[in-house]
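Residue numbers (the numbering used here), protein chains in the order written: chain A, 178 to 731; chain B, 43 to 457; chain C, 118 to 275.
Each remark here refers to the structure printed beneath this line.
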């Protein structure tokens, strides 16, 4: 219960970082209001039905909502475009506005960043350094792995790329696919341009045994867009825990925060939100935590306060928008590898995540696919091709099997550097509720183009090494890169209020009771899928939130 | 904790060997019971009577049962490692199904039954936490009557391991762990990442702890364990039946099938003879593959035969036989007519009969395995091509033939 | 092709021939089933799904006009006795059926239908979970468990 109508904390966004924040604070005895712009929506099984009936099985396909388009539009669920793109290289990653957030359709890969990612500027002369080191964050990484439920191979990952692990993964690794095992055997232990190539099992927030009341992965093979059985972590886990916390968190979905208001001392005094029913309301909290993912978090700050927005003395709010720009190589193996069984990827190559080359060209992490040619060519396309050639009956079946069971892909995700002009601003175009849409600008750098070439050379070498044929690579030209869905930057953390938005505990330099949690705070992108790091940074922020709250008397 | 003899302590090697053999028998039997129930579940919408949402639920149940069965196999492997460490040999004998209530001190019937509320409740009772009273279990698993629990609850699997742990603790470490008995099978060989190599008291107690925490859970968590999973399945099943009266997730499968005649040694009361001739042949082939798998695993775990190369090959073969032949064959049997009674389908008998361990000599063992693969392959191949064969049987047969071919090719390349 | 597919293929052809020779069933739905068996290479198609698909196809502008013509041509072919060559020339490669044939194959394999304007439509969730594409490549329908934790580490069982 809030005292005098003031909650201990108002948390904006019921995605992974918001839900964990709310749950932790509720368990610590604090009163929390958790506001979510989107809706709870239908049960999981209904969403699986939406997926089954969708012709285009895109990440957003289970979640399309007519009402959602009207009240909490997002790049995946809006009438017409939601982003207002103003540069030639569109920013392509998207997100979900709903309870549980984008973790509904994340893949669940959770490698940690590596020590050099935190010192990019001092080691390689590019980007910036983080205000913290890997060692500072290491205990929080371990705690985050416990919370999400991560399956991994401790012995393989402890010390890899200089990243020590003080705790074991809570579960043994997700078994590597048959395809991985064949490729590992064919590959041997080669060296490419002086780099020893080894295949590692990928740590995943996916159960390899019953964990936290959720079942082990049963290989439904559609982690993206939805795990039908909840074996993959998603933030509804912690939303539900939050609602049952020692002091139960009040969840209010369908509540779109439109602005924050400050008092004379610069504290955030009010959170103004509009319900889907059209009612405008205000909530007050001793602290306010923005956890609305990188684009909406920045947009909310820019919509608040004066023309410069809030928390923006540094003029960094909305800037340094990042992603992991992706490419893929596909090939046919000599023997079947039988994809489309199990998680879409269970192994990767981490050898290119660090090296002196990062002075000039982006690091990247490679994933071995377990899903044929992935997005490059669906098996339906192979079927169409054969039917067009007049194949039918048992001959069609045999040729289809012969082709698709030998499909193999490697994908890679390159780091992006923070650039001030890669940014989120407010568009003059409004969404159906009358709020500005995000205006995005994004420039593809030579740093990434060079990495695409590097990765293509490495993939060519690997395909050759394993005796694969019929190779093809994307992007065919650099600007055709794929997005990773890893939205980072826009509220970077740093040491000072003139160069960064938040401190290393995710607190605003400008407003003492304002926290911004999530991947928005990353100063650089590294090559790790961002969610685990976002959660670790959130866990690092929570003790500070509690200290601040305690100091405030209402 | 309710026990027959609460203060009982184990302090001799002989007793410990005997209890670990009990544990082997029990883990092995439980794995068969769980597999049998999983085999009986419908797999496709075309089988009728279920919609796609129910199929989602059924496939989840199947995956949970298979997972728990695989952990029972892990526990069997773990018990074999424990036996090896203290001077025993891998123990794989067990009586035919159904086993009497009083065969084990558990007071629980070990039976092969299709999936259903009663079956899963019994599974929950097998794995009930030793620290919970019958009344609590009754409420948790929705038993109709506390006496059902009391009948089951006299002893539990957890309690058996409690006795084993007492033996491991009481017998002096240097006496118990024999210097020459160090050969242990590790995770890399058998696809069980949690398998503990037993070298001393600490690792032995770790091994026992792993088994009990997976089965009954820990004092603070009775959710993420066999007991907890069975409990949740009972709740889900009853809810689904409440929503759709007559909901039948399982095929119309008989209990405790056998293909051997009455006069055969080892046939127990309460089993049902498969009278359909074709189905009977298939059941016999399933048992043949199952026994071959056991012989291979026995060889792998027998500390006297530490030939890494060969045991790696045997282990891989045994695992592939399990997942690519026994599983689809077991499923196929629940689609094939049992004969009498009309309208019911059969299931996997899991008969351990006339079992002869493979000879210690590696070359001889490999020869016998090849011979057996060839014999079974011929029979399965013809059964798989029969027009009556369900897809699962055709697949199992084709997989077996492919495994046999691979084995033969590798052998001839080595020679 | 591996041993498994060979075994199944032999069986498939065998049973289709048997059915053809005894003229089992002449209802339109059964005719559609047998035509679909020949086109897909699967001999164990679901009859309720056949009904769903036939009803669906009859309502689509691209095939509504030709589907009955196609079925009667196939029926005629069955009565005079067909082989693969005749089936190919009179059904699969027949210009009159060039809109219908790929769509019948696609609907069974993917539960989807592509209109002339390029829009694709999934017939329904039940059909989606029975699409033939996935067993053809020895996988399982995405969204439906392929068995149990870790099955993907082994070669397929199906």
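Beta carbons: idealized from backbone N, C-alpha and C, even for Gly.
Item: Any beta-carbon of chain A closer than 9 Å to the one on residue 168 (chain C)?; Value: no
Item: Can you tell me whether residue 140 (chain C) is helix, strand or coil according to DSSP?; Value: Low local confidence applies: a pLDDT of 40 at residue 140 (chain C) is under 50, so the model's placement there is unreliable, and no value is given.
Item: Rounded to the nearest angstrom, how far is the Cβ of residue 466 (chain A) from that of residue 215 (chain A), given a contact under 8 Å?; Value: About 17 Å; that fails the 8 Å criterion.
Item: Restricting to Cα atoms, I'd like to know which of A:281, A:624, A:276 is closest to residue 431 (chain A).; Value: A:276
Item: Indicate whether at least one CB of chain B lies closer than 9 Å to the CB of residue 153 (chain C).; Value: no
Item: Could you tell me which uninterrupted beta strand (DSSP E) segments, each at least 3 residues in length, are contained entirely in the stretch 301-387 of chain A, listed from first to last along the chain?; Value: 376-378
Item: Is there contact between the stretch 434-445 of chain A and the stretch 479-486 of chain A, where contact requires at least three CB pairs shorter than 8 Å?; Value: yes
Item: Does any residue of chain A bring its CB to less than 9 Å from the CB of residue 180 (chain C)?; Value: no
Item: Given a limit of 9 Å on CB to CB distance, which residues of the stretch 70-102 of chain B reach chain A?; Value: 94, 95, 98, 99, 101, 102
Item: Report the option in C:257, C:250, C:271, C:148 whose CA atom is closest to the CA atom of residue 196 (chain C).; Value: C:148
Item: Under the criterion of a Cβ to heavy atom distance below 8 Å, does residue 466 (chain A) qualify as lining the ligand PLP?; Value: This structure simply doesn't include the ligand PLP, nor any ligand for that matter.
Item: Give the list of continuous beta strand (DSSP E) stretches no shorter than 3 residues that lie fully inside the stretch 625-694 of chain A.; Value: 646-651, 691-693
Item: Using only alpha-carbon positions, find the residue among A:385, A:354, A:445 that is nearest to residue 514 (chain A).; Value: A:354
Item: May I ask you to list the residues that DSSP assigns as paired with residue 199 (chain A)?; Value: According to DSSP, which records beta bridges pairwise, residue 199 (chain A) is partnered with nothing at all.
Item: Using the beta-carbon of each residue, which ones in chain A are nearer than 7 Å to residue 174 (chain B)?; Value: Those within 7 Å of residue 174 (chain B) in chain A number zero; the least Cβ separation is about 18 Å.
Item: What span of residues does the beta strand (DSSP E) with residue 265 (chain A) cover, start to end?; Value: Per DSSP, residue 265 (chain A) belongs to no beta strand (DSSP E) and is neither H nor E.
Item: Going by the beta-carbon positions, is the gap between residue 677 (chain A) and residue 669 (chain A) smaller than 9 Å?; Value: yes
Item: Residue 232 (chain A) touches chain B at which residues, Cβ-Cβ below 9 Å?; Value: Going along chain B, no residue has its Cβ under 9 Å from residue 232 (chain A), so there is no contact; the nearest lies around 17 Å.
Item: Just list the beta strand (DSSP E) runs in the stretch 421-446 of chain A, keeping only unbroken ones of 3 residues or longer that don't cross its boundaries, in chain order.; Value: 427-429, 432-439
Item: For the stretch 244-265 of chain C, which residues have a beta carbon sitting closer than 7 Å to at least one beta carbon of chain B?; Value: 246, 247, 261, 262, 264, 265
Item: Is the stretch 405-419 of chain B in contact with the stretch 371-379 of chain B, if contact means three or more CB pairs nearer than 8 Å?; Value: no
Item: Cβ closer than 7 Å: which chain B residues qualify as neighbours of residue 740 (chain A)?; Value: Here chain A comprises residues numbered 178 to 731, so residue 740 (chain A) is not present and cannot be evaluated.
Item: Check the Cβ of residue 359 (chain A) against every Cβ in chain B and list those closer than 8 Å, keeping chain order.; Value: Ordered by position in chain B, no residue passes the 8 Å Cβ test against residue 359 (chain A), which lies about 14 Å from the chain.
Item: Just mark residue 364 (chain B) as buried or exposed, buried being the case when its beta carbon has 16 or more other beta carbons within 10 Å.; Value: buried
Item: Scan the stretch 212-237 of chain C for residues whose Cβ lies nearer than 8 Å to a Cβ of chain A and list them as they occur along the chain.; Value: 218, 219, 222, 223, 226, 227, 229, 236, 237
Item: By the DSSP assignment, the beta strand (DSSP E) with residue 465 (chain A) in it spans what residues?; Value: 457-467
Item: Using a Cβ cut-off of 9 Å (strictly closer), state whether residue 118 (chain C) contacts chain A.; Value: Summary for residue 118 (chain C): the model assigns pLDDT 36, below 50, so the residue's position carries little reliability; its value from the coordinates is reported in the next sentence. By this cut-off, residue 118 (chain C) is an interface position.
Item: Since residue 184 (chain C) and residue 194 (chain C) are thought to touch, with beta carbons under 8 Å apart, how far apart are those beta carbons, to the nearest angstrom?; Value: Rounded, the Cβ-Cβ distance is 16 Å, inconsistent with contact.
Item: Using a beta-carbon distance below 9 Å, is residue 438 (chain B) in contact with chain C?; Value: yes
Item: Pick helix, strand or coil for residue 315 (chain B), following the three-state DSSP scheme.; Value: strand
Item: Tell me the DSSP bridge mates of residue 254 (chain A)?; Value: A:251
Item: Give the residues from the stretch 410-430 of chain A that approach chain C closer than 9 Å (Cβ to any Cβ), ordered along the chain.; Value: none
Item: Determine the DSSP secondary structure at residue 247 (chain C), reduced to helix, strand or coil.; Value: coil
Item: From the DSSP output, which residues share a beta bridge with residue 263 (chain B)?; Value: B:260
Item: Please name the residues in the stretch 342-370 of chain B whose beta-carbon is closer than 7 Å to at least one beta-carbon of chain C, in chain order.; Value: 362, 365, 366, 369, 370
Item: Any beta carbon of chain B sitting closer than 9 Å to that of residue 163 (chain C)?; Value: yes
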